[in-house]
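In what follows, a structure is listed as structure tokens, so that the remarks can point back to it.
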Amino acid sequence: GGELISLSANNNPQVQYEQAQYFVDNKVDVLIIIPQDLNQAANAVEIAKRAGVKVISYDRLIRNADLDLYISFDNTKVGELVAERLLEEVPSGNYVIINGAPTDNNGYLVNQGYKNVLAPFLANGDINIVYEDWAENWQPEKAYEFTSRLLLDGVDFDAVIAANDGLA
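If you're matching positions, the sequence shown starts at 750 in my numbering and goes up one per residue.
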């Protein structure tokens with residue numbers, strides 16, 4: 750019996766904050782945020798809580814905020830599954846890792862998953878990580894920039910682990 754009203758901030762944290770303010774001003778019962786900027790989103794949570802609005806952080810954890818609920822995936826398991834699948838295709842060689850946003854806890858959890866699976870392969874020398882970096886704001890352009898630079902510099906690599914489909 751509920752009604753869902755949805756807006757997209759198109760990856761703009763300031764617009765997302767303004768949209769949260771709009772929803773609070775219009776007296777929504779629950780505000781669900783898929784945060785772009787985990788720190789700035791805490792400001793949106795604060796204004797919602799002051800107005801008595803329940804807040805759910807979906808997919809990405811808003812830090813330093815009084816959330817009512819956080820819903821996400823098992824991001825460590827996601828990283829493990831990605832690494833396991835890549836090892837089926839490329840069981841040895843030089844790997845590149847392109848992580849998500851350094852401000853997003855999910856990126857660290859996915860990375861932990863890769864490393865859980867890759868650890869024995871790294872230890873015995875079957876896999877060598879020749880490059881690893883973080884794509885600010887999950888920008889696909891960053892992944893393109895990293896891999897282009899590696900190719901232009903003649904870095905030899907056999908596989909790339911990317912933290913999401915956009916970066917891939």
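For every residue, glycine included, the Cβ atom is placed at its ideal position computed from N, Cα and C.
Nearest residue (CA-CA) to residue i, options the options
i	options	result
residue 751	777, 892, 871 and 916	777
residue 913	850, 870, 867 and 868	850
residue 761	837, 786 and 884	786
residue 872	841, 885 and 833	841
residue 784	813, 775, 837 and 801	813
residue 801	823, 827 and 772	772
Per DSSP, cross-strand counterpart(s) of residue i
i	result
residue 818	805
residue 779	803
residue 865	According to DSSP, which records beta bridges pairwise, residue 865 is partnered with nothing at all.
residue 875	Note: residue 875 sits in no beta bridge, so no partner.
residue 881	846
residue 796	The partner list for residue 796 (beta bridge, DSSP) is empty, contrary to what the question assumes.
Neighbourhood of residue i by C-beta distance below 6 angstroms, restricted to the same chain and skipping five residues each side
i	result
residue 882	895
residue 820	807
residue 877	843
residue 798	815
residue 853	809
Residue i - DSSP class collapsed to helix/strand/coil
i	result
residue 905	coil
residue 754	coil
residue 911	strand
residue 763	helix
residue 889	helix
residue 917	coil
residue 787	coil
Cut-off 8 angstroms between Cβ atoms - residues of its own chain near residue i, not counting five sequence neighbours on either side
i	result
residue 782	765, 769, 790, 793, 794, 804, 805, 806, 807 and 811
residue 909	844, 845, 846, 847, 896 and 917
residue 905	843 and 879
residue 829	862, 863, 865 and 866
Practice problem: Run through the region 809-861 for me and flag every whole alpha helix (DSSP H) of 4 or more residues, listed as ranges in chain order. | Solution: 824-838
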